[in-house]
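Participant: Here's a structure for you.
Residue numbers (the numbering used here): 269 to 407.
Below, the structure written as structure tokens:
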């Protein structure tokens with residue numbers, strides 16, 4: 269198990285730690301998103317995150333990249349799993365909980381546990397790559 273932050277920006281680790289610590293205990297692999305997109309890469313990492321009392325919390329972080337084409341538009345997070353989402357490449361419009369937002373390469377946003385997102389590719393692109401960053405605290 270790696271000590272804190274190795275290979276990840278500190279702000280990403282902090283956000284994922286906050287998401288994970290606010291969720292019930294579980295395993296990332298048991299909580300797969302339902303989507304019409306194709307998963308093109310996946311990384312799992314175990315980290316130790318410092319807690320305010322000086323102890324360390326084990327955190328399982330998963331980073332997955334998803335390839336969306338114009339026909340692949342659905343993305344559902346499982347109940348109990350929140351995510352930080354980012355556009356790796358492309359321009360997308362995302363509708364979640366009745367709210368629409370446009371994102372371009374480099375933009376980040378959070379998605380609530382159990383969120384259903386309708387994702388559409390914005391012209392002139394023919395596709396987009398989105399990244400999910402999820403974290404689950406473990407014992």
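Ideal placement from N, C-alpha and C gives every residue a C-beta, glycine not left out.
(1) For the candidate residues 322, 370 and 327, whose alpha-carbon lies nearest to that of residue 315?
(2) Is it buried or exposed for residue 297, if we count other Cβ within 10 angstroms and need 16 for buried?
(3) Is the beta carbon of residue 396 less than 8 angstroms from the beta carbon of residue 343?
(4) To the nearest angstrom, how far is it from the Cα of residue 365 to the Cα of residue 394?
(5) Could you work out which residue in 363, 402 and 372 is closest to residue 384 when comparing CA atoms only?
(6) Could you tell me if residue 379 is buried or exposed, where buried requires 16 or more neighbouring beta carbons within 10 angstroms of its beta carbon?
(7) Alpha carbon to alpha carbon, how far is residue 305 from residue 341?
(8) Please go through the same chain and pick out, in chain order, the residues whose beta-carbon is closer than 6 angstroms to the beta-carbon of residue 338, but skip the five residues on each side of it.
(9) Grouping DSSP H, G and I as helix and E and B as strand, with all else coil, what is residue 219?
(10) Could you tell me the alpha carbon to alpha carbon distance between residue 382 and residue 372, rounded to whole angstroms?
(11) If you measure between the beta carbons of residue 400 and residue 332, is that distance less than 8 angstroms?
(12) Would you call the CB atoms of residue 370 and residue 361 closer than 8 angstroms?
(13) How would you write the range of the beta strand (DSSP E) that residue 395 sits in, first residue to last?
Facilitator: With the structure as the only source:
(1) 327
(2) At residue 297 the pLDDT is 44, less than 50, meaning the model places this residue with poor confidence; the figure from the coordinates comes in the next sentence. Its Cβ having fewer than 16 others within 10 Å, residue 297 is exposed.
(3) no
(4) 25 angstroms
(5) 363
(6) buried
(7) 7 angstroms
(8) 389
(9) There is simply no residue 219 to check, as the chain begins at 269 and stops at 407 in what is shown.
(10) 23 angstroms
(11) yes
(12) yes
(13) 395-406
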